[in-house]
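Written below as structure tokens is the structure these notes are about.
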Amino acid sequence: GENVEQHPSTLSVQEGDSAVIKCTYSDSASNYFPWYKQELGKRPQLIIDIRSNVGEKKDQRIAVTLNKTAKHFSLHITETQPEDSAVYFCAARESGGYQKVTFGTGTKLQVIP
Amino acid sequence: ETGVTQTPRHLVMGMTNKKSLKCEQHLGHNAMYWYKQSAKKPLELMFVYNFKEQTENNSVPSRFSPECPNSSHLFLHLHTLQPEDSALYLCASSRGGDQPQHFGDGTRLSIL
Chain U
339 GENVEQHPST LSVQEGDSAV IKCTYSDSAS NYFPWYKQEL GKRPQLIIDI RSNVGEKKDQ
399 RIAVTLNKTA KHFSLHITET QPEDSAVYFC AARESGGYQK VTFGTGTKLQ VIP
Chain X
3 ETGVTQTPRH LVMGMTNKKS LKCEQHLGHN AMYWYKQSAK KPLELMFVYN FKEQTENNSV
63 PSRFSPECPN SSHLFLHLHT LQPEDSALYL CASSRGGDQP QHFGDGTRLS IL
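In order, the protein sequences belong to chains U and X. Count along the first sequence from 1, then add 338; that gives the number in this note's numbering. Count along the second sequence from 1, then add 2; that gives the number in this note's numbering.
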């Protein structure tokens, strides 16, 4: 099955700086890579996703890059704000599992005002 | 409005009790999921249903029994649970495996 590793587990940045979270996956046939944000006490919510036919996707201050050869993908948040503080999860959809998406272990991001 | 509703929000039960968690989605999705979220394994997939058929059982102990009577409703029946089963149980739905999952607010379960 798919194995997703996520780093770092915690990340502190100053407000206005950039934050980068990295994930690797094991199944070279995985084709869908979503990122979720979970604020304290709230449900995970999708913030951006990318498919295997695209190398980069951007949505305002958030961008995701995908390197299929190296089997890794990254989340980039620019001009961080205190409200970006949350736990971020990457995920990868297995090729074999019909609807199965495997999540990383999460990164707790703290943006210091 | 999330579109995915879970009840109850909180549940405290003894190890010998039997209870059920309920999830309902109003998004017209065909896939529904149960996840366990704890400090040790942040988002651990338990079960996947697609068009009411179970497509994934991620080696979950038999004391957890899922039920999906239709594409909009998903239950998790609990019996003879252990203290290590205390966690947040999240339900999610999606149009398919390569589509975003929409999560409910979860049920915080505590086993005494």
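Glycine included, each C-beta is placed from N, C-alpha and C at the ideal position. Remember, it's a predicted structure, so these values are computed and weren't measured experimentally.
Can you check DSSP and say which residues form a bridge with U/A424?
As a beta-bridge residue in DSSP terms, U/A424 pairs with U/L447.
Entirely enclosed beta strand (DSSP E) segments - the segment 60-84 of chain X, minimum 3 residues:
If we require 3 residues or more, the beta strand (DSSP E) runs fully inside the segment 60-84 of chain X come out as 66-72, 75-81.
Measure the CB-CB distance between X/Y129 and X/K43 and report whether it falls below 8 Å.
Chain X is shown only over 3 to 114; residue 129 of chain X falls outside these bounds and no answer can be derived.
On the premise that X/G99 lies in contact with U/K463, defined as a C-beta separation below 8 Å, what is that separation, rounded to the nearest angstrom?
Because residue 463 of chain U is not part of the residues shown, which for chain U are 339 to 451, the question remains open.
Of the listed residues U/H414, U/G393, U/P420, nearest to U/H345 (C-alpha basis)
Checked all of U/H414, U/G393, U/P420; the closest Cα to U/H345 is U/H414.
Use the C-beta contact count for X/F53: other C-beta atoms within 10 angstroms, 16 or more gives buried, fewer gives exposed.
Its Cβ having fewer than 16 others within 10 Å, X/F53 is exposed.
Less than 8 Å between the CB atoms is what I'm expecting for X/A94 and X/V6, so what's the real figure, rounded?
Rounded, the Cβ-Cβ distance is 7 Å, consistent with contact.
Could you tell me which chain X residues have their CB closer than 9 Å to the CB of U/T443, listed as they occur along the chain?
Taking a Cβ-Cβ threshold of 9 Å, the residues of chain X close to U/T443 are K43, P44, L45, in chain order.
DSSP has U/I388 in a bridge; who is on the other side?
The partner list for U/I388 (beta bridge, DSSP) reads U/F371.
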